[in-house]
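In this note's numbering, the protein residues as written are 9 to 130.
What follows is a single structure, written as structure tokens, with notes after it.
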Ligand code: SF4
Ligand code: SF4
């Protein structure tokens with residue numbers, strides 16, 4: 009039983025790496041996570057109805073694009089909505105760290121003001 013489990017794990021890992029290597033030139037990094045991972049699909053669906061959001065203060069954002077350059081999930085934060093509930097966001101916080109304007113923050117609560125008009129994910 010353990011051998012079968014390990015074999016499945018090995019095959020899955022090999023498939024993951026093959027998909028990433030073959031499609032990376034066309035689709036960028038983390039292809040398996042973004043397009044094929046069933047776990048990611050489930051998390052993405054949950055995140056769309058969940059409370060987690062990346063919040064951008066439009067009054068501080070200067071649209072420099074630095075957040076986009078550092079996002080490993082290729083989410084368009086710069087042009088995206090002020091309240092971003094993208095199912096692809098893994099919540100790493102890198103964009104929040106690199107923003108020179110401190111315009112980004114993450115929340116698990118309600119977002120007043122911008123929420124109603126800007127709820128769409130990327
Ligand atoms: S890094 Fe900050 S200031 Fe620059 S585009 Fe992103 S949110 Fe706006
Ligand atoms: S928290 Fe991470 S994955 Fe989410 S938008 Fe920011 S850099 Fe991208």
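Think of the CB as a built atom: it goes at the ideal place given N, C-alpha and C, for glycine as much as any other residue.
* **Selection from 53, 76 and 17 that minimises the alpha carbon distance to residue 107** => Start at 1 with the first residue of the chain shown, and residue 107 comes out as number 99. That would be 76, whose Cα lies nearest to the Cα of residue 107.
* To do: Since I believe residue 92 is in contact with residue 62 (beta carbons under 8 Å), could you give me their beta-carbon distance rounded to a whole number of angstroms?
  => On the chain shown, residue 62 is found 54 positions in, with the first residue counted as 1. On the chain shown, residue 92 is found 84 positions in, with the first residue counted as 1. Right, their Cβ atoms sit about 4 Å apart.
* In chain order, what residues have a CB nearer than 7 Å to some heavy atom of ligand 1? -> 64, 68, 69, 70, 71, 72, 73, 74, 75, 76, 85, 86, 103, 106, 107, 108, 109, 111 and 112
* Enumerate in chain order the residues of its own chain whose CB-to-CB distance from residue 98 is below 7 Å, with the five nearest sequence positions on each side excluded. => Position 90 of the chain shown, counted from the start, is the residue given in the question as residue 98. 81, listed in sequence order.
* To do: Sort out for me which residues DSSP pairs residue 113 with in a bridge.
  => Your numbering for residue 113 matches position 105 in the chain shown. Looking at the DSSP assignment, residue 113 forms a beta bridge with 63.
* Just to check, is the beta-carbon of residue 97 closer than 7 Å to a non-hydrogen atom of ligand 2? -> Taking the chain shown and counting its residues from 1, the one referred to as residue 97 is at position 89. Flag set: Cβ of residue 97 near ligand 2.
* **Three-state secondary structure (DSSP) of residue 91** => Taking the chain shown and counting its residues from 1, the one referred to as residue 91 is at position 83. In the structure shown, residue 91 sits in a strand (DSSP, three-state: E or B).
* Asked: What first and last residue would you give for the alpha helix (DSSP H) that runs through residue 33?
  -> Numbered from 1 along the chain shown, position 25 holds the residue referred to as residue 33. Where residue 33 is concerned, the enclosing alpha helix (DSSP H) stretches over 10-35.
* To do: Would you mind reading off the limits of the alpha helix (DSSP H) that contains residue 105?
  => Here residue 105 is taken as the residue at index 97 of the chain shown, counted from 1. From DSSP, the alpha helix (DSSP H) with residue 105 extends over 102-106.
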